[in-house]
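To start, the structure itself, in structure tokens.
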Amino acid sequence: QGSRLQAAPVPPSRERDSAKLSIRSRGPLAAMSFVKQLVVDCRGHLLGRLSSIIAKELLNGQQVVLVRAEDVNMSGSLYRAKLKYANFKRKKTNSNPRHGPFHQRAPSKILWRTIRGMVPHKTARGAAALDRLKCYEGIPHPFDRKKRMVIPAALKVLRIRPERKFCKLGDLSSLFGWKHSALIERLEGQRKVKSE
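No gaps in the numbering here: position 7 of the sequence shown is 7 in full-length UniProt numbering, and each next residue is one more.
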């Protein structure tokens, strides 16, 4: 009976697979893996670092909701970000600009598009991953009562030096035609008063 309880030797291919799984589980969201829906508060996160982590989670099958997209930070001054976005805005289809590329103004749409660039969105797998993503300015009703998480690997205070310049995505959006910053501010004020 003792011999029957001994563990069978693991084949080398299975060992490699388990090693891969352990590497995957050591990612920035390892502790939170596969909750029904991750609600991430974007305030104070860096745009690129946040996007790359979220893109990976989406491809792994996780549903993600991003709130307060207007408070995402970008490294570099607002002037530098403005030049980059103005350059991006000049890109268009020569024969018919209505064919794209389309230049979004709202912070949630800019964040969504940044994540789209990190996902193979033209394949079925990538399209399904993007369907699992929702982005919002402010914190709309169903999510104001849910537990929100932060991603330390993408936080500005932990990733860039304190003397470095940075700007907010909401400020950049306002410069390029986003008109709802005052409304979002008012709604956020009401939400904070209600939650006290």
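Note that CB positions come from ideal geometry on N, CA and C, so glycine has one too. Predicted model, so just to flag it, every value in this text is computed and none were measured.
Task: Distance, L83 Cα to P97 Cα - done: Mapped onto the sequence shown, residue 97 falls at position 97. Mapped onto the sequence shown, residue 83 falls at position 83. Taking the straight line joining both Cα atoms gives about 21 Å.
TODO: From the DSSP output, read off the bridge partner residues of M149.
DONE: Here residue 149 refers to the residue found at position 149 of the sequence shown. Its beta-bridge partners are V40.
Open item on the list: If you reduce the DSSP assignment to three classes, tell me which class N96 lands in.
Closed with: Position 96 of the sequence shown holds residue 96. Correct three-state label for N96: coil.
- [ ] Pick helix, strand or coil for H121, following the three-state DSSP scheme.
- [x] Position 121 of the sequence shown holds residue 121. Looking at H121 - three-state DSSP - the assignment turns out to be coil, as it is neither helix nor strand.
TODO: Tell me whether H45 is buried or exposed, calling it buried when 16 or more other Cβ atoms sit within 10 Å of its Cβ.
DONE: Position 45 of the sequence shown, counted from the start, is the residue given in the question as residue 45. Under the 10 Å beta carbon count, H45 is surrounded by 16 or more other beta carbons and is classified as buried.
Open item on the list: Quick check: G58 and R132, are their CB atoms within less than 8 Å of each other?
Closed with: Here residue 58 is taken as the residue at index 58 of the sequence shown, counted from 1. Here residue 132 is taken as the residue at index 132 of the sequence shown, counted from 1. Position check: residue 58 holds Leu in this sequence, whereas Gly was assumed. Taking 8 Å as the Cβ cut-off, L58 and R132 qualify as a contacting pair.
- [ ] Go to N60, then tell me how far its beta strand (DSSP E) extends in each direction, as first and last residue.
- [x] The sequence position of residue 60 within the sequence shown is 60, counting from 1. Element bounds for N60: n/a, residue is neither H nor E.
Open item on the list: So if DSSP puts S108 in a beta bridge, which residue, or which two residues, is it bridged to?
Closed with: Taking the first residue of the sequence shown as 1, we reach residue 108 at position 108. DSSP lists no partner for S108.
Task: CB of A154 within 8 Å of CB of R49, strictly - done: Taking the first residue of the sequence shown as 1, we reach residue 154 at position 154. Taking the first residue of the sequence shown as 1, we reach residue 49 at position 49. When the beta-carbon positions are compared, A154 and R49 come within less than 8 Å of each other.
TODO: Taking the CB atoms as reference points, tell me whether G170 and D41 lie closer together than 8 Å.
DONE: Sequence index remark: in the sequence shown, residue 170 carries index 170 (1-based). Sequence index remark: in the sequence shown, residue 41 carries index 41 (1-based). Taking 8 Å as the Cβ cut-off, G170 and D41 do not qualify as a contacting pair.
Open item on the list: Please classify Q190 as buried or exposed, where buried requires at least 16 neighbouring CB atoms within 10 angstroms.
Closed with: Indexing the sequence shown from 1 puts residue 190 at position 190. Exposed, since its Cβ has fewer than 16 Cβ neighbours within 10 Å.
Task: 8 Å Cβ cutoff met for S51 and M118 - done: Counted from its first residue, the sequence shown places residue 51 at position 51. Counted from its first residue, the sequence shown places residue 118 at position 118. At a Cβ-Cβ threshold of 8 Å, S51 and M118 count as neighbours.
Task: Extent of the continuous beta strand (DSSP E) run through S75 - done: Sequence index remark: in the sequence shown, residue 75 carries index 75 (1-based). From DSSP, the beta strand (DSSP E) with S75 extends over 73-75.
Task: Cβ-based neighbour list, P101, same chain, cut-off 6 Å, excluding 5 preceding and 5 following - done: Position 101 of the sequence shown holds residue 101. Only K91 meet the Cβ criterion.
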